[in-house]
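Numbering (my numbering), first residue to last: 33 to 321. Below: one structure, written as structure tokens.
Next comes the structure, spelled out in structure tokens:
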């Protein structure tokens, strides 16, 4: 049977279901509820090899434009790289990578991906190189009572409240994703529904995790607060240290070190990614696809 190469098929029930089956089998991920809830947009586009009505190999392209010092960099992240076990070692992912380069390379200023240790020799064949990211942490003094309340992301009412603040957001980092709110909602509606907090007085959401006196803050969205110090004052006396999943505007107020994650190597290519290491930035943790 002849293979077909297909993309832009998220509204094709048969192919989308097959894609979901392969993703579930490979990674334990199912995108169907994300689609049904209306958060799967044009920003996430699987490029797939199809046999009959089955997706047998895939490399997804996720558009993650970033804003740095007022300039938009048109970036792509590659992910959900998978091949049905019985079709491996036929070069299908190589063909998909070549197709993506031909289709997107003309307008994308940079491309990146996160690879596990088993495929570190694969991506350099397509012009990718290993790159570094940088982690920012900060110790906090006693800030009194915590002002944030947990908001479980249980349905449309909670999702729309968060989306509304995302649209009015005045809090920014140095390297912010632009126009892909669906990716944020992928996290909060699937895996981080118990990691969202809100302070009504300042109209501020935090997406993060508390861990014995420390907090990993993946992202902050606020309708009024633009300074991290003002947000930190609301965290309360039980938070003694924060680690950020993004690069803050004022890095001199933070301790900085190279980010190291086990079995997760960042690969980049293109001029749009050069600023990452030069300015010691971090790709926001909630933009990993």
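No residue lacks a Cβ here, since even glycine has one placed at the ideal position from N, Cα and C.
query                                                                                                                                                                     : result
Using CA atoms only, rank isn't needed, just tell me which of 281, 305 and 276 is closest to residue 291.                                                                 : 276
If you run the structure through DSSP and keep just helix, strand and coil, what is residue 78?                                                                           : strand
What runs of the alpha helix (DSSP H), each 4 residues or longer, lie entirely inside the region 201 to 262?                                                              : 213 to 222
To test your reading of the DSSP string, which unbroken beta strand (DSSP E) runs of 3 or more residues are found completely within the region 96 to 148?                 : 98 to 100, 103 to 105, 107 to 115 and 142 to 147
Evaluate contact between the region 47 to 57 and the region 93 to 102, counting only Cβ atoms and requiring at least three cross-stretch pairs below 8 Å.                 : no
Less than 8 Å between C-beta atoms, sequence neighbours within five positions excluded: which residues of the same chain meet that for residue 37?                        : 79, 80, 81, 82, 127, 128 and 131
Checking 9 Å against the spacing of the C-beta atoms, do residue 240 and residue 250 come in under that value?                                                            : yes
Enumerate, from N- to C-terminal direction, the unbroken alpha helix (DSSP H) stretches of 4 or more residues contained entirely within the region 294 to 321.            : 306 to 310
DSSP state of residue 47, grouped into three classes?                                                                                                                     : helix
Cutting at 6 Å between CB atoms, please list the residues of its own chain near residue 51, excluding the five before and the five after it.                              : 78 and 87
Note down, in chain order, each residue of its chain lying with its Cβ closer than 6 Å to the Cβ of residue 231, except the 5 sequence neighbours on either side.         : 179, 180 and 266
Run through the region 149 to 190 for me and flag every whole beta strand (DSSP E) of 3 or more residues, listed as ranges in chain order.                                : 166 to 171
Could you tell me whether the region 182 to 199 touches the region 215 to 223, using the rule of 3 or more Cβ pairs below 8 Å?                                            : yes
According to DSSP, is residue 199 helix, strand or coil?                                                                                                                  : helix
Considering just the uninterrupted stretch of the alpha helix (DSSP H) at residue 35, what are its terminal residues?                                                     : Looking at the DSSP string, residue 35 is not in any alpha helix (DSSP H); the run it does join, the beta strand (DSSP E), is 35 to 38.
Kindly indicate the opening and closing residues of the alpha helix (DSSP H) around residue 64.                                                                           : 64 to 68
Who pairs with residue 276 in a beta bridge, going by DSSP?                                                                                                               : 168 and 249
What did DSSP end up calling residue 285 once you bin it into helix, strand or coil?                                                                                      : helix
Spatial neighbours of residue 256 within its chain, please: CB distance less than 6 Å, with the 5 preceding and 5 following residues excluded, ordered by chain position. : 234 and 235
Cutting at 8 Å between CB atoms, please list the residues of its own chain near residue 245, excluding the five before and the five after it.                             : 270, 271, 272 and 273
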